[in-house]
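A.B. asks:
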Amino acid sequence: MIQTTVQNKAFISGWRWVYVVLGNLVMMCLGTVYAWSVFRIPVEKTFGIGATQSGLPYMVSLAFYALFMMISGYFYNRYSPRAIMTTGVFLIALGWILSAYAPNIYILTLTYGVLIGAGVGIAYGVPLAVVAKWFPDKKGLAVGLVLIGFGLSPLITAPLARMFIEMYGISFTFMILGIAFGVLLPVLTLAFRYPKESGSESNLLPDTKDRKPKDIPSDQMLKTRSFKGLYLNFLIGAMIGLMLIGMTGKIGIEYMGLSSRSIAFWMSLFAIFNGLGRPVFGWLTDRLSYPKAATLSYCMIAFAALLMLFAREGQPLLFGVAFSIFWFNLGGWLAIAPTSTLSLFGALNYSRNYGIVFTAYGIGAIAGVLGSGFLLDRLGSYQVVFYLVLALCLAGALIAIKQVPLSNRKPQSPGKDSLTLSTGK
8 MIQTTVQNKA FISGWRWVYV VLGNLVMMCL GTVYAWSVFR IPVEKTFGIG ATQSGLPYMV
68 SLAFYALFMM ISGYFYNRYS PRAIMTTGVF LIALGWILSA YAPNIYILTL TYGVLIGAGV
128 GIAYGVPLAV VAKWFPDKKG LAVGLVLIGF GLSPLITAPL ARMFIEMYGI SFTFMILGIA
188 FGVLLPVLTL AFRYPKESGS ESNLLPDTKD RKPKDIPSDQ MLKTRSFKGL YLNFLIGAMI
248 GLMLIGMTGK IGIEYMGLSS RSIAFWMSLF AIFNGLGRPV FGWLTDRLSY PKAATLSYCM
308 IAFAALLMLF AREGQPLLFG VAFSIFWFNL GGWLAIAPTS TLSLFGALNY SRNYGIVFTA
368 YGIGAIAGVL GSGFLLDRLG SYQVVFYLVL ALCLAGALIA IKQVPLSNRK PQSPGKDSLT
428 LSTGK
């Protein structure tokens, strides 16, 4: 009997890694949003628009992605993962296909921005919710490994999209991607389920019954100092990363003098770093505290911004090093935020809690894309963007330092730890 129980636990512990692999592949499909730099210049030429308008579909897509990530979080415990994923996939496929027929940038903003963004927001949380429940002991590492796919997506989608655009034009490229995702994603999610469906949740690992998660509900989470610090840090980290990822192609071509073919190569390389940032920072957040992981990220981003201030045309290596760091750290923030949400507020309300935290990503997308587009259109200088990045890093680092747990500081009055509810006094 004991031997059978041990074998069952071993089988369950091994089977759960299948969800990591499947989740990774799903994320690779969803992460095509990060390949917008490949579409951006062709969109500008097709519709005769500038940097601010060409950023609208990307910005709106990220904003609706964050909004529907929050909304869908309320349904993860009510409906099966496959039902939620089906809804998201339908919107994603429809959005890509309708984008093929968009006559102007505003319709493209509705199809690419609203429909695809909403679909990705609904589908994105499914692999995370499934894996979070199967890996209570390795949450940071497991979530980070799933998120690799989202970061690595441009490694495949950027060269493919560029090739399709050159061969068939941008409209037919949208059509191809819509059909492909409509077929692939439902197949990849057929096996998704939560551990409680098999009655094995308590048998995942021998030590799970001894764990005591905080399990803080959303209304209480919103009042904590830890939430406010995490939210602001995630907003700043996402703002920097999404702003620079969306401008990677333009900066490479217009500021560094690189060809579109070279940019596609560099973006494939950057995608690798973006993917690696997720398990690395997930592991760091598990081992350290999120304020320390956040501070490290800001230091790396500031160093990369300084490199770009000294970079000139004909220096592709500096461009490659700096943007590898930028992409690596955006991937890092997409692991720091969910891992910190789990560790600070528990797994029971994780879907709702992280949905709320993730709205910072959408706000960061809007602020970053609009801000950088405005600076470029008005001042025509990419250097101003990197000075803005340095200022944001300084502000973020100061916020992160204030979030260091009081147990690591000098003794203070009792009852005021990092999770104490704000009283307004």
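Heads up, the sequence shown is in this note's numbering, so the first residue is 8 and it goes up one at a time. Backbone N, C-alpha and C define an ideal beta-carbon position, used for all residues, glycine too. The structure presented is a predicted model; accordingly, all values stated were derived computationally and were not measured.
1) Can you tell me where the alpha helix (DSSP H) holding G371 begins and where it ends?
2) Going by alpha carbons, who is nearest to S68 out of T93, K52, V27 and Y113?
3) If the criterion is Cβ atoms closer than 8 Å, does the pair I279 and A311 meet it?
4) In three-state DSSP terms, what is T196?
5) Residues in its own chain within less than 6 Å of E208 by CB, not counting five upstream and five downstream?
6) What's the gap between the Cα of F179 and the Cα of T39?
7) Less than 8 Å separating the beta-carbons of A402 and I243?
8) What's the C-alpha gap between F241 and G57?
9) Within the segment 64–106, note down every full alpha helix (DSSP H) run reaching 4 residues or more, in order along the chain.
10) Determine the direct distance from the alpha carbon of Y357 to that of L434, and round the result to whole angstroms.
11) Closer than 8 Å is the cut-off here; do at least three beta carbon pairs connect the segment 305–323 with the segment 370–378?
12) Could you check if S388 is buried or exposed, using at least 16 other CB atoms within 10 Å of its CB as the buried criterion?
13) Does the Cβ of K257 have 16 or more other Cβ atoms within 10 Å, making it buried, or fewer, making it exposed?
14) When you compare each of L351, F381, P323 and A198 to S87 by their alpha carbons, which one comes out closest?
15) With a threshold of 8 Å, are at least 3 pairs of Cβ atoms found where one atom belongs to the segment 292–302 and the other to the segment 170–178?
16) Just checking my contact of L154 with A367 at CB under 8 Å: how many whole Å lie between their CB atoms?
17) So the candidates are V33, W43 and V28; which of them puts its Cα closest to the Cα of A271?
18) Please list the terminal residues of the continuous alpha helix (DSSP H) segment that includes R47.
19) So, is K409 buried or exposed, given that buried needs 16 or more other C-beta atoms within 10 angstroms?
20) Should S437 go down as buried or exposed, given a rule of 16 or more other Cβ atoms within 10 Å for buried?
21) Can you say whether P224 is buried or exposed, counting buried as having 16 or more other CB atoms within 10 angstroms of its CB?
22) Rounding to the nearest angstrom, what Cα-Cα distance links F71 and G369 in this structure?
23) Taking the beta carbon of K216 as the centre, do at least 16 other beta carbons fall within 10 Å, making it buried, or is it exposed?
24) How big is the Cα-Cα spacing for P143 and D293?
25) Using alpha carbons as the reference points, say which of R359, A329 and M315 lies closest to P345.
C.D. replies: Looking at the coordinates:
1) Residue 371 sits at position 364 when you count from the first residue of the sequence shown. It spans Y357 to L386 - the alpha helix (DSSP H) in which G371 sits, taken as one unbroken run.
2) Translated into the one-based positions of the sequence shown, residue 68 becomes position 61. Nearest C-alpha to S68: Y113.
3) Sequence index remark: in the sequence shown, residue 279 carries index 272 (1-based). Sequence index remark: in the sequence shown, residue 311 carries index 304 (1-based). One thing to note: I279 has its Cβ no nearer than 8 Å to the Cβ of A311.
4) By one-based count along the sequence shown, residue 196 stands at place 189. In the displayed model, T196 falls within coil according to three-state DSSP, outside both helix and strand.
5) Numbered from its first residue, the sequence shown carries residue 208 at position 201. For E208, the predicted structure reports a pLDDT of 41, less than 50, and the residue's modelled location is therefore unreliable. The matter cannot be settled from this model.
6) By one-based count along the sequence shown, residue 179 stands at place 172. By one-based count along the sequence shown, residue 39 stands at place 32. Whole-angstrom Cα-Cα distance: 16 Å.
7) As a working mapping, residue 402 is identified with position 395 in the sequence shown. As a working mapping, residue 243 is identified with position 236 in the sequence shown. Taking the C-beta atoms as reference points, I243 is found nearer than 8 Å to A402.
8) Start at 1 with the first residue of the sequence shown, and residue 241 comes out as number 234. Start at 1 with the first residue of the sequence shown, and residue 57 comes out as number 50. Cα to Cα, F241 sits roughly 29 Å from G57.
9) DSSP runs (the alpha helix (DSSP H)) wholly in the segment 64–106: 88–106.
10) Because residue 434 is not part of the residues shown, which for the chain are 8 to 432, the question remains open.
11) Short answer: they don't touch.
12) Numbered from its first residue, the sequence shown carries residue 388 at position 381. Result: exposed.
13) The residue you call residue 257 lines up with position 250 of the sequence shown. By the neighbour-count rule (16 or more Cβ atoms within 10 Å), K257 is buried.
14) Counted from its first residue, the sequence shown places residue 87 at position 80. The residue with the shortest Cα to Cα distance from S87 is A198.
15) The segment 292–302 and the segment 170–178 do not touch, with fewer than 3 CB-CB distances between them shorter than 8 Å.
16) As a working note, residue 154 is residue 147 in the sequence shown. As a working note, residue 367 is residue 360 in the sequence shown. Actually they do not touch by this definition, with Cβ atoms about 16 Å apart.
17) As a working note, residue 271 is residue 264 in the sequence shown. When each option's Cα is compared against that of A271, the closest is W43.
18) Numbered from its first residue, the sequence shown carries residue 47 at position 40. If you look at R47, you'll find it in the alpha helix (DSSP H) that goes W43 to F54.
19) As a working mapping, residue 409 is identified with position 402 in the sequence shown. Exposure of K409 is indicated by the presence of fewer than 16 other C-beta atoms within 10 angstroms of its C-beta.
20) Summary: the structure shown does not reach residue 437, with the chain confined to residues 8 through 432, and so no result is reported for it.
21) Your numbering for residue 224 matches position 217 in the sequence shown. Classification of P224: exposed, given that the 10 Å Cβ count is below 16.
22) Counted from its first residue, the sequence shown places residue 71 at position 64. Counted from its first residue, the sequence shown places residue 369 at position 362. Going by the C-alpha atoms only, they are around 7 Å apart.
23) Position 209 of the sequence shown, counted from the first residue, corresponds to residue 216. Since pLDDT at K216 reaches only 43, below the 50 mark, its modelled position is unreliable, and the value read off the structure follows with that caveat. K216 is exposed by the Cβ-count criterion.
24) For the purposes of this step, residue 143 is taken as the residue at position 136 of the sequence shown. For the purposes of this step, residue 293 is taken as the residue at position 286 of the sequence shown. Computed Cα separation, rounded: 12 Å.
25) If you number the sequence shown from 1, residue 345 lands on position 338. Here the closest residue by C-alpha is R359.
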